[in-house]
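Using the numbering used here, the first residue of the sequence shown is number 12, and each one after it goes up by one.
From the three backbone atoms N, C-alpha and C, an ideal C-beta is built for every residue, glycine too.
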Amino acid sequence: MALLSALLVFLGGQSLAQTAPSAAQVPPAQGEAGVSAIAARIDRRGATTRLIFELTGPTKASAFAATGPRIVVDLPEVGFLIDPGVGAAAPAPPPRSRGATAETEASLIRSFRFGRFAPGHSRIVIDLTRPAKAARVESVLRPEGVRLEIDLVADTPTAFAAAVAQRLKALSALPEASALPERSSGGGEPGAVPLVVIDPGHGGVDIGASSRRGQMEKAIVFDFARALKAKIEARGKQRVALTREEDVFVPLNDRVRFARERGASLFLSIHADTLGEASVRGATVYTVAARASDAESARIAEKENLADQAAGLEENAKAEEVDDILFDLTRRETRALGREFAQTLLARWRVAGSLNKNPSRSASFVVLKAHDVPSALLELGYLSSEEDLANLTSPAWRDRAAEGVAEAIDAYFQAHASPSRASSK
């Protein structure tokens with residue numbers, strides 16, 4: 012049993028389901044319930060870079076190396092009562108001691124983030140300046156209180172790569188759901204009330220974009236998704252499900268699987284990006300395409316597709332394409348329906364809110380790749396724009412904009428009176 016518990020801790024973190032992850036995928040909760048982190052800081056002790064979290068009680072944690080390079084720390088659920096921005100900026104280098112080199116004195120931490128990863132499970136992800144290993148991860152009682160101390164020391168690239176490879180080898184032995192699970196008939200039967208899946212982007216340890224004043228994309232899009240859900244349900248013409256009902260991380264492929272397994276008739280992912288140019292503003296609607304419509308769309312898709320890695324998950328090998336004419340025909344029809352919905356949404360949004368100067372775009376977004384669920388991604392606006400930010404944080408604007416999206420969804424289904432499609436199985 013002790014050996015099994017140790018293996019489970021080593022394998023922790025690779026959840027393939029939003030709810031009830033298996034015991035082999037998430038480390039067992041340890042320590043006292045209700046522990047919170049109230050402060051975080053970086054300390055330097057010679058060649059050791061120490062990341063310190065001030066806690067209200069003891070907990071246990073384990074660490075592993077991940078591509079990036081990153082160090083990921085898994086622990087039982089902890090309430091992080093800390094400004095997420097505290098880990099965003101690289102720490103200033105300390106004064107160099109005599110005889111030390113610039114490399115040995117430089118911090119090993121580029122940035123770090125933290126949050127809920129799955130029910131009962133929190134995660135700290137540390138972006139490294141160069142390969143390193145966690146020499147010690149321990150909850151200790153100091154005179155000033157309980158602290159979680161994560162000691163990092165430099166490692167060779169070869170040793171770091173070997174640690175990542177060892178973990179991936181262990182993970183590969185875990186059972187994994189099919190890349191193309193059988194589609195449920197629940198939302199595709201003739202006469203059934205169609206199901207709309209709304210996907211609030213990011214969540215938990217993955218905060219997404221953030222404004223200069225600290226407003227987080229994950230919170231803004233979640234508030235919008237809940238408002239939209241209420242608008243749709245009030246109309247009574249469609250059912251609604253959210254890919255996440257709280258501030259928790261959901262892997263990208265799990266979001267797609269969530270929609271497919273429930274037989275969704277429409278999938279809408281909600282996001283809000285940020286740019287270096289504060290003058291750029293307005294909403295954009297994306298559909299999926301193998302080749303991006305423009306360089307900016309390619310950049311955004313690349314960034315969004317790295318969400319799993321940012322949360323400490325390794326990129327899964329791409330599923331082999333299905334060489335089947337029926338699959339290909341279904342995918343073509345589904346993407347055509349996704350583009351049709353996108354145009355309907357843009358038409359309604361012109362009344363409800365402002366649009367980007369190039370509002371209709373496409374790129375290879377992972378969350379839009381269900382071959383039998385029409386999908387679109389709505390960028391509500393830019394957190395880097397003061398005008399957009401004022402709207403995105405306004406309950407009155409959110410209510411009007413959500414109403415416009417609900418109207419677009421109604422119009423789309425009215426144009427397709429029967430929710431059944433050729434893709435129904």
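What residue from the options has the CA that sits closest to residue i's CA?
i	options	result
V259	D234, G215 and S280	G215
R361	T295, R372, A381 and Q249	T295
E228	S150, G287 and I218	I218
K71	V148, F125, T78 and P80	V148
G131	F64, G45 and G156	G45
D383	A306, L366 and A275	A275
S375	F278, A300 and V261	A300
R56	S118, T67 and D85	S118
R350	E244, D410 and I420	I420
E414	R359, I336, P262 and A230	R359
V267	V89, I137, A381 and R127	A381
E438	E315, F128, P168 and S405	Outside the modelled stretch of the chain, which goes from 12 to 436, sits residue 438, for which no answer is possible.
D54	R153, S405, I231 and I120	I120
A347	P385, L337 and I336	P385
T298	S373, E344 and G364	S373
L152	E160, E397 and A146	E160
L479	R343, L337, S396 and E344	Because the chain is modelled from 12 through 436, residue 479 falls outside the range shown and cannot be assessed.
P69	T140, G90 and R409	G90
H282	E244, L403, V291 and F269	L403
E254	A236, R246 and I243	This sequence places Thr at residue 254; Glu is not what is there. The shortest C-alpha separation from T254 is found at A236.
E88	I135, D166 and A99	I135
I137	P406, V84, V232 and A245	V84
For residue i, which of helix, strand or coil comes out of DSSP?
i	result
S395	coil
R81	strand
F235	helix
E228	helix
A374	strand
T345	helix
A113	Residue placement at A113 is flagged as unreliable, the pLDDT there being 48, under the threshold of 50; the coordinate-derived value follows with that caveat. The answer is helix: DSSP assigns A113 an H, G or I state.
G156	strand
T140	coil
T70	coil
V437	The shown model of the chain, from 12 to 436, leaves out residue 437, and the question about it has no answer.
A353	helix
A35	Unreliable placement is indicated for A35, whose pLDDT of 28 sits below 50; no coordinate value is reported for it.
E244	helix
D258	coil
G98	helix
L163	strand
I218	coil
A387	strand
A381	coil
A401	helix
Going by the CB atoms, is the gap between residue j and residue i shorter than 9 Å?
i	j	result
G212	S280	yes
D5	R61	This structure leaves residue 5 out entirely; the chain is present only between 12 and 436.
P370	L379	no
F125	S133	yes
K240	I209	yes
D319	E325	yes
A252	L206	yes
R158	F64	yes
L66	G156	yes
A220	L394	yes
G293	D399	yes
A128	G323	The question names Ala, but residue 128 is Phe in the sequence shown. Going by C-beta atoms, F128 is nearer than 9 Å to G323.
L263	V377	yes
A145	V97	no
L139	P80	yes
D234	R409	yes
A76	V164	no
Considering residue i, what are the terminal residues of the alpha helix (DSSP H) in which it resides?
i	result
K180	P168 to S183
Which residue marks the beginning of the beta strand (DSSP E) containing residue i, and which one marks its end?
i	result
D94	D94 -> no beta strand (DSSP E), and no H or E assigned at all.
R411	Here R411 belongs to no beta strand (DSSP E); instead the alpha helix (DSSP H) covers P406 to A426.
R52	S47 to R56
R250	R250 to L253
I439	Outside the shown range of the chain, which is 12 to 436, sits residue 439, and nothing can be said about it.
I120	I120 to A129
So, does the CB of residue i fall closer than 9 Å to a CB anywhere in chain C?
i	result
G247	The structure shown contains no chain C, having only a single protein chain.
* Return the chain-ordered ranges of every beta strand (DSSP E) run that is complete within the region 260 to 323 and spans a minimum of 3 residues. => 277 to 284 and 294 to 299
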